[in-house]
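The next block holds one structure in the form of structure tokens; read it before the comments.
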Amino acid sequence: MLNFTVGPVMSDERVLEIASHSSPYFRTPEFSTLMKENEALMLRFLSAPAGSRCVFLTSSGTGAMESLVMNILNDRDKVLVVNGGSFGQRFAELCRLHKRNMTEIKLDYGHALRREQLEPFAGCGYTALLINMHETSSGVLYDMPMISSFCKEQGILLLVDAISAFLADELDMTALGAAAVITGSQKALAVQPGISVVALAPAALERVAANEEVCMYLSLKEALKNAERGQTPFTPAVTTLLQIHARLKQIEADGGPAAERQKIAGVARQLRAGIADLPLTNISESPSNAVTALHPENVPATEIIRVLKDEYRIWACPNGGAMADKVFRIGHIGHITEQDNQTLIDALHDMKNRGLL
Ligand SMILES: *Cc1c(COP(=O)(O)O)cnc(C)c1O
46 MLNFTVGPVM SDERVLEIAS HSSPYFRTPE FSTLMKENEA LMLRFLSAPA
96 GSRCVFLTSS GTGAMESLVM NILNDRDKVL VVNGGSFGQR FAELCRLHKR
146 NMTEIKLDYG HALRREQLEP FAGCGYTALL INMHETSSGV LYDMPMISSF
196 CKEQGILLLV DAISAFLADE LDMTALGAAA VITGSQKALA VQPGISVVAL
246 APAALERVAA NEEVCMYLSL KEALKNAERG QTPFTPAVTT LLQIHARLKQ
296 IEADGGPAAE RQKIAGVARQ LRAGIADLPL TNISESPSNA VTALHPENVP
346 ATEIIRVLKD EYRIWACPNG GAMADKVFRI GHIGHITEQD NQTLIDALHD
396 MKNRGLL
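Taking the numbering used here, I'd label the letters of the sequence shown as residues 46 to 402.
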């Protein structure tokens, strides 16, 4: 099967080879050294400010989202959540679950956030803003420099879910003044699922240290304490961490995150150009490099997903809820070759010729 979803995605040979071995024992100096390198490489790739730290949680990306809400925020915070789709919705639900004083900025599906939509919240005592830099469900990449200036002007802590944006779109933690940035192993890192990554600038580290402990498994205090010696509090997804190490080293050798981003942008460009003549409308007002969200004009999206899977051995990414029949997505992250892209482009044209698109 060719996989054009947005995670888990396809991995390269080197990463696959690592998964063919048993996980090594991890309470060793060797594993600690590898973890220290993982932390240093992640902080460098994120352009994190001096004094930042990075920890690796054994959880899906949602675990990292929840860790921000539990460990950095507290019940005295006044929180803004940008909700432009299912991942923004998830931040809002996490805030409600953990009883945070939260206001949602709801966006129409596929639309970007504009400065005028933030303006009503200026000078109202907000202390933190949670945003999914790339709302993966609609393919919208938010204007992070604009959001960052608003947060800086207002003295608001900026917490960024970059789970599907890391490596795919430009991300500079220092320039944004982001207090925290999270990502996950199964998106553009392109290794198996199981690890989420939490990078914390000094402003967030202070929060974590000062806040009361409210959980054990997702405690950032515990994760940070253990990471000082290159360890994790509990048994981690060891093999996924080895794969992350191999990928980060490879990206470094190949020219760093900018080169990786160019590669992903090229995959997106090729696909978008290849399907431009088909009755598929890109619904995102400001598309990311990671995903193209498409509205089929003639047939239900669910049917396209099914035919691609059953007749062409290709996974595309369905949308949930109200959008299930209206939108499907094509991912550009992971180990996708030019030939793979062409296979999908040809399949969609074949479907058009058969009257299935
Ligand atoms: C994939 C993703 C997540 C996390 O999803 P999990 O299934 O928990 O790994 C969170 N936010 C965004 C923007 C994502 O793309």
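Heads up, the beta-carbon is just placed ideally off N, CA and C, and yes, glycines get one too. Here the structure is a predicted model, which is why all the values come from computation and not from measurement.
Evaluate residue i with the Cβ neighbour count: other Cβ atoms within 10 Å of its Cβ, from every protein chain shown; 16 or more gives buried, anything less gives exposed.
i	result
residue 142	exposed
residue 65	exposed
residue 253	buried
residue 165	exposed
residue 173	buried
residue 214	buried
residue 225	buried
residue 180	buried
residue 392	buried
residue 189	buried
residue 84	buried
residue 196	buried
residue 398	exposed
residue 169	exposed
residue 384	exposed
residue 337	buried
residue 237	buried
What's the C-alpha gap between residue i and residue j?
i	j	result
residue 360	residue 263	32 Å
residue 347	residue 325	14 Å
residue 182	residue 51	10 Å
residue 47	residue 364	18 Å
residue 152	residue 127	8 Å
residue 6	residue 350	The structure shown does not extend to residue 6, since the chain is modelled only from 46 through 402, so no value can be given for it.
residue 247	residue 63	34 Å
residue 82	residue 198	35 Å
residue 67	residue 167	53 Å
residue 315	residue 374	15 Å
residue 139	residue 133	10 Å
residue 308	residue 296	11 Å
residue 390	residue 290	33 Å
residue 322	residue 402	12 Å
residue 54	residue 381	9 Å
residue 90	residue 280	26 Å
Going by beta-carbon coordinates alone, are residue i and residue j separated by less than 8 Å?
i	j	result
residue 149	residue 137	yes
residue 80	residue 206	no
residue 283	residue 69	yes
residue 292	residue 60	yes
residue 223	residue 335	no
residue 119	residue 327	no
residue 185	residue 356	no
residue 218	residue 92	yes
residue 210	residue 202	no
residue 239	residue 208	no
residue 97	residue 244	yes
residue 235	residue 56	yes
residue 221	residue 193	yes
residue 100	residue 265	yes
Tell me the DSSP secondary structure of residue i in three-state form.
i	result
residue 240	strand
residue 320	coil
residue 149	strand
residue 390	helix
residue 200	coil
residue 100	strand
residue 362	strand
residue 26	Summary: the structure shown does not reach residue 26, with the chain confined to residues 46 through 402, and so no result is reported for it.
residue 180	strand
residue 283	helix
residue 232	coil
residue 95	coil
residue 294	helix
residue 208	coil
residue 332	strand
residue 247	helix
residue 353	helix
residue 277	coil
residue 344	coil
residue 226	strand
residue 337	strand
residue 310	helix
residue 124	strand
Any chance the CB of residue i is under 7 Å from a heavy atom of ligand 3?
i	result
residue 240	Among the ligands present in this structure, namely ligand 1, ligand 3 is not found.
Does the pairing of the stretch 338 to 355 with the stretch 369 to 376 give three or more beta-carbon distances under 8 Å? yes
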